[in-house]
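The opening position of the sequence shown corresponds to residue 915 in the numbering used here, with each subsequent residue numbered one higher.
The structure under discussion appears below in the form of structure tokens.
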Amino acid sequence: MSEPLLSIRNLKKYFPVRRFLLAKDYVKAVDGVSFDIYEGEMFGVVGESGCGKTTLGRTVLLLTPPTAGEIYYRGEDVLKYDNKKMIEFRRKTQIVFQDPYSSLDPRQTIFDVIIEGPRYHGIDVGDPEEFVISLLRKVGLEEYHLYRYPHEFSGGQKQRIAIARALAMNPEFVVFDEPTSALDVSVQASILNMIKQLQKELGLTGMFISHDLAVVKFMSQRIGVMYVGKIVEIGDSDELFKEQLHPYTRALFSSIPIPNPQKTRLRKKIIIRGEPPSPIHLPKGCRFYPRCPYAMPICKVEEPDLIEINANRHVACWLYR
Ligand code: SF4
915 MSEPLLSIRN LKKYFPVRRF LLAKDYVKAV DGVSFDIYEG EMFGVVGESG CGKTTLGRTV
975 LLLTPPTAGE IYYRGEDVLK YDNKKMIEFR RKTQIVFQDP YSSLDPRQTI FDVIIEGPRY
1035 HGIDVGDPEE FVISLLRKVG LEEYHLYRYP HEFSGGQKQR IAIARALAMN PEFVVFDEPT
1095 SALDVSVQAS ILNMIKQLQK ELGLTGMFIS HDLAVVKFMS QRIGVMYVGK IVEIGDSDEL
1155 FKEQLHPYTR ALFSSIPIPN PQKTRLRKKI IIRGEPPSPI HLPKGCRFYP RCPYAMPICK
1215 VEEPDLIEIN ANRHVACWLY R
């Protein structure tokens, strides 16, 4: 495997919430996450709504400052960057947000939306109109869309514009934060195919966040499964779909619908009891233990680290120690 482009170590993002008077609690949205993303790969992050996926994506790009932990980009500590290096990091790393309706300024034409970033960073793009037209064509739009406003486009077209805006910066790393979940099912497939094609063509490295397991499998070479602020399992996409090690991953994957009704009867759906714990008041030990059918005494006292099972699999569970 190539060198990691991005390495995250024990990353935490806590949001303070006031309890009473001066006392504060913290929502532990991301709570000690570590993983590597290798050059040219798409790393999927999957988990239920509210598990911290989006916060993780934003914290990795420093759109929100981390509470603790380290972020290395090409081996350099991003948190120690000076201004010049930070501006370059901002150019090289981009994000496509979930909601294309609110991520585009309604007062800007598409030309302005796309050219704004390169202009700000002083990137030489040659003829600006030609540059933007070539990007629009890359994402399946046309020259006549150039001076239209966002409200003149459908949701799928808006997301194509948002992707063109990210590509205009010639990025090395892109976070796709549920880029199709706000779109009609009929256009989701075409946007996903386009992202996949662009990733291949441009050799992009990325992080693909979704709650949809089938979508993450289609888009990613490796997948990290997140549960209440923690990554509990990381594996090669195909292997993870064949066999899940962590009890939470098993339950999550057992809920994937099978199109063949004959096979549906053969698969046993695992029902997890209870609700996920509050990210403010996490249980001591493994945060999955109140719901885990395999919980052992140690699970209630000590939190398991993410350990390597083999080159393609990491899991955080006492069952594998
Ligand atoms: Fe279950 Fe214990 Fe593994 Fe947590 S560490 S998932 S409680 S077996």
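We treat Cβ as the ideally placed atom computed from N, Cα and C, and that holds for glycine.
Spatially closest choice to residue i from the options, by CA coordinates
i     : options                       : result
D1126 : G1036, D1091 and E1157        : D1091
P1193 : V944, Q1158 and L936          : V944
M1121 : E955, I922 and D1150          : E955
F1054 : G1040, E1043 and A1076        : Reading off the sequence shown, one finds Gly at residue 1054, where the question assumed Phe. For G1054, the nearest C-alpha among the options comes from A1076.
E1002 : L936, S1104, T1119 and E1086  : E1086
K1183 : G1199, F1202 and T1163        : T1163
G961  : E984, M1133, K994 and I1123   : I1123
A1225 : E1153, M1083, K999 and D1038  : E1153
V1129 : K1114, E1147, I1145 and A1103 : A1103
K1072 : D1019, D1041, A1082 and L1112 : D1019
A1209 : L1196, C1231, I1024 and R1227 : C1231
R1136 : Y1058, R1227 and V1089        : R1227
Y1063 : R933, P1218, L920 and Y1015   : Y1015
I985  : P918, L1097 and M1083         : P918
I922  : L993, D939, A1165 and E1056   : L993
G946  : I1185, K1214, V1146 and S1169 : V1146
Check: residue i C-beta below 8 Å from any heavy atom of ligand 1
i     : result
A1230 : yes
C1200 : yes
C965  : no
P1191 : no
M1210 : yes
P918  : no
L1166 : no
V1215 : no
V1146 : yes
L1233 : yes
Y987  : no
H1125 : no
Environment of residue i [buried if 16+ CB atoms lie within 10 Å]
i     : result
A1078 : buried
R1021 : exposed
Y1203 : buried
I951  : buried
E1216 : exposed
K1144 : buried
I1212 : exposed
I1221 : exposed
Integer-rounded CB distance, given that residue j should sit under 8 Å from residue i
i     : j     : result
R1205 : G1188 : 5 Å
I1028 : V1046 : 5 Å
G958  : S1134 : 3 Å
V1099 : G1070 : Contact flag wrong, Cβ pair sits at about 11 Å.
Using a Cβ distance threshold of 8 Å, determine whether the region 957–974 contacts the region 1124–1144, with at least three qualifying pairs required. yes
Segment contact, 8 Å Cβ cut-off, at least three pairs: the region 1107–1120 with the region 1024–1042: no
Looking at C-beta atoms only, is the number of pairs between the region 920–930 and the region 967–984 that lie closer than 8 Å three or more? yes
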